[in-house]
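Our numbering puts the sequence shown at residues 2 to 422.
Backbone N, C-alpha and C define an ideal beta-carbon position, used for all residues, glycine too.
Computed from a predicted structure; not experimentally measured.
A quick write-up on the structure given underneath.
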Amino acid sequence: MTIGTPPPPVPRITGPRTAGPRITVVGVAADGWPSLPERLRRTVLEAEVVLGGRRHLAMLPKAPGQRREVWPSPLREGLPALLASLAGTRAVALASGDPLVSGIGTTLIDALGADAVRVEPAVSSVALARARLGWPSERCAVVTLVGRDPRSLVRELAPGHRVLVLSSDATTPNAVAALLVGAGYGESVMTVLGDLGAESESRLEGTADGWLASPPGEVPPLHVLALELAGPPGYGLVAGLPDDAFENDGQLTRRDLRASALARLAPCPGQHLWDVGAGAGSVGIEWMRSHPACTTTAVEANGERAGRIARNAGRLGVPGLRVVTGRAPDALAELPPPDAVFVGGGATRPGVLETCLGALRTGGRLVVHGVTLETEGLLAEAYRRHGGELTRLAVETTAPIGSFTGWTPARTVTQWSLTVG
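Here it is, written out as structure tokens:
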């Protein structure tokens with residue numbers, strides 16, 4: 002069973018380059034057909050097939066004999082068959098603004114490869130929103146909620162931070178307002194910039210508190226939501242969140258040990274982590290919080306803990322974390338290949354270390370924690386055979402001793418880390 006599984010990638014169409022369709026993706030501004038230069042109008046009208054949403058196709062002048070197709074719904078399931086039907090044709094796809102800003106251009110490149118897709122962008126809604134607000138690009142973040150869980154926004158919460166949200170539809174501001182108020186960010190200013198670049202361009206502004214108390218009667222479906230965040234200090238993006246940030250039953254990689262493990266796992270943008278014997282999911286969650294392109298599969302044999310991992314991930318802003326309920330090494334068989342692996346529990350189970358090591362490519366990182374003599378012996382042998390770094394971590398914290406204060410030691414943890422050469 003999996004929990005929190007993100008949408009599957011579009012299946013990649015393979016084969017001879019000449020057999021697949023070549024598609025030109027034309028970005029269209031909010032004012033539609035009149036905004037296109039003559040060169041791109043000819044490209045659209047001379048195409049044998051034009052793909053697009055109903056709104057885009059409706060704006061086109063008639064072109065006798067031209068086939069026009071609305072995107073399938075759901076898109077990712079229906080797209081491979083549609084693309085396969087285009088072989089040998091001159092095809093154009095229409096998109097809003099810049100097709101590579103949370104748009105169909107990205108999806109088509111994922112499916113066909115960059116060589117088969119030519120992109121002709123218009124000014125993106127993000128660029129228009131920054132221009133209207135006077136926000137330099139280097140001083141604001143962009144988060145897409147198009148078809149995504151609004152809790153992804155939690156990772157960006159910080160006082161004074163500016164965020165541009167690419168909304169899924171007219172309901173997105175309500176969902177964002179509720180999230181902000183629930184996180185103590187009710188005083189954040191929300192600005193809805195509707196139909197950017199069109200004659201119908203509009204602007205709605207208020208606080209998250211005010212939005213929930215008195216929502217506007219109508220919100221443009223096509224809009225960018227700008228946030229000026231005001232609230233308490235949020236969790237940082239550096240490894241080592243407080244232990245009480247995670248719901249747990251005691252099976253938790255504690256703060257100092259977690260920071261040490263993540264320093265050696267070294268998350269990099271776009272890389273994937275296996276969190277094996279994940280417990281509360283803290284290592285995998287912090288891996289994903291380090292960069293929005295990082296992904297995690299958490300493997301946990303206990304179903305109750307697996308549900309807890311999903312709740313922790315959503316509350317801490319990484320709802321896309323995938324949870325697999327199963328026991329390693331069997332549960333690792335069908336997972337996407339990792340760039341790094343953390344084993345927080347179950348290292349002594351036959352085949353676990355061997356499977357994790359075998360899954361890593363050159364440059365991959367492995368970190369294993371153990372607290373028992375049996376695991377310590379296993380890690381000492383692994384260190385002897387493979388090298389790496391073997392460390393014992395002993396952490397003490399203060400606690401009352403009567404009317405005085407003394408040190409209370411936690412269990413010593415043996416940590417083996419290795420970078421595959």
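{"Query": "Within 10 angstroms of the Cβ of residue 2, are there 16 or more other Cβ atoms? Answer buried if so, exposed if not.", "Result": "Any reading at residue 2 must be qualified, since the residue scores a pLDDT of 49, below 50, and its modelled position is unreliable; no value is offered."}
{"Query": "Between residue 357 and residue 367, what straight-line distance do the alpha-carbon atoms span, to the nearest angstrom?", "Result": "8 Å"}
{"Query": "Put residue 386 into one of helix, strand or coil per three-state DSSP.", "Result": "helix"}
{"Query": "Since residue 407 is in the beta strand (DSSP E), which residue starts that stretch and which ends it?", "Result": "405-410"}
{"Query": "Roughly how many angstroms separate the alpha carbons of residue 104 and residue 166, rounded to a whole number?", "Result": "14 Å"}
{"Query": "With H, G and I counted as helix, E and B as strand and the rest as coil, what does DSSP make of residue 276?", "Result": "strand"}
{"Query": "Check whether the Cβ atoms of residue 270 and residue 292 sit closer than 7 Å, and answer yes or no.", "Result": "yes"}
{"Query": "Helix, strand or coil: how does DSSP classify residue 420 here?", "Result": "strand"}
{"Query": "When the Cα atoms are used, what is the spatial distance from residue 83 to residue 69?", "Result": "12 Å"}
{"Query": "Can you give the Cα-Cα distance for residue 131 and residue 55, rounded to whole angstroms?", "Result": "28 Å"}
{"Query": "Secondary structure at residue 289, three-state DSSP: helix, strand or coil?", "Result": "helix"}
{"Query": "For residue 82, does the three-state DSSP call read helix, strand or coil?", "Result": "helix"}
{"Query": "Mind checking which residues open and close the alpha helix (DSSP H) that includes residue 239?", "Result": "Neither: residue 239 is in no alpha helix (DSSP H) and is coded neither H nor E."}
{"Query": "Relative to the alpha-carbon of residue 371, which residue among 383, 65, 414 has its alpha-carbon at the smallest distance?", "Result": "414"}
{"Query": "Which one or two residues does DSSP pair with residue 108 in a beta bridge?", "Result": "Residue 108 is not bridged to any residue."}
{"Query": "Ordered along the chain, which non-local residues of its own chain (more than five positions away) have a Cβ less than 8 Å from that of residue 133?", "Result": "194, 197, 204"}
{"Query": "With H, G and I counted as helix, E and B as strand and the rest as coil, what does DSSP make of residue 91?", "Result": "strand"}
{"Query": "Taking 8 Å as the threshold, find out whether the stretch 344-353 comes into contact with the stretch 177-188 through three or more Cβ pairs.", "Result": "no"}
{"Query": "Could you compute how far the alpha carbon of residue 155 sits from the alpha carbon of residue 191?", "Result": "15 Å"}
{"Query": "Mind checking whether residue 279 and residue 260 have CB atoms under 7 Å apart?", "Result": "no"}
{"Query": "My understanding is that residue 406 touches residue 397, with C-beta atoms under 8 Å, so please give their C-beta distance in whole angstroms.", "Result": "Residue 406 to residue 397, Cβ: 12 Å. No contact."}
{"Query": "Put residue 353 into one of helix, strand or coil per three-state DSSP.", "Result": "helix"}
{"Query": "Straight-line CA distance for residue 152 to residue 169?", "Result": "13 Å"}
{"Query": "Could you give the first and the last residue of the continuous beta strand (DSSP E) run that contains residue 161?", "Result": "It is not in any beta strand (DSSP E) - residue 161 carries neither H nor E in the DSSP assignment."}
{"Query": "Quick test of your reading: residue 240 and residue 277, contact by CB under 8 Å. State the CB separation rounded to the nearest angstrom.", "Result": "The Cβ separation is near 18 Å, so there is no contact."}
{"Query": "What is the C-beta distance between residue 26 and residue 119, in whole angstroms, given that I count them as a contact (C-beta under 8 Å)?", "Result": "7 Å"}
{"Query": "Could you have a look at residue 174 and say whether DSSP puts it in helix, strand or coil?", "Result": "helix"}
{"Query": "Determine the direct distance from the alpha carbon of residue 275 to that of residue 14, and round the result to whole angstroms.", "Result": "A caution first: residue 14 carries a pLDDT of 47, below 50, which makes its placement in the model unreliable, though a value can still be read off. So the alpha carbons of these two residues sit roughly 27 Å apart."}
{"Query": "Measuring CA to CA, which of 199, 234, 419 is closest to residue 33?", "Result": "199"}
{"Query": "Is residue 180 near the ligand NAD, judged by its Cβ being under 6 Å from some heavy atom?", "Result": "The model on display carries no ligand, and the ligand NAD is accordingly not part of it."}
{"Query": "Per DSSP, residue 400 forms a beta bridge with which residues?", "Result": "407"}
{"Query": "Look up residue 47 in the DSSP assignment and say whether it is helix, strand or coil.", "Result": "coil"}
{"Query": "Does DSSP put residue 66 in a helix, in a strand, or in coil?", "Result": "coil"}
{"Query": "Are the CB atoms of residue 325 and residue 314 nearer to each other than 7 Å?", "Result": "no"}
{"Query": "Who are the Cβ neighbours of residue 253 in its own chain at under 7 Å, not counting the five residues just before and after it?", "Result": "244, 247, 280, 281, 283"}
{"Query": "Helix, strand or coil for residue 213, going by three-state DSSP, please let me know.", "Result": "helix"}
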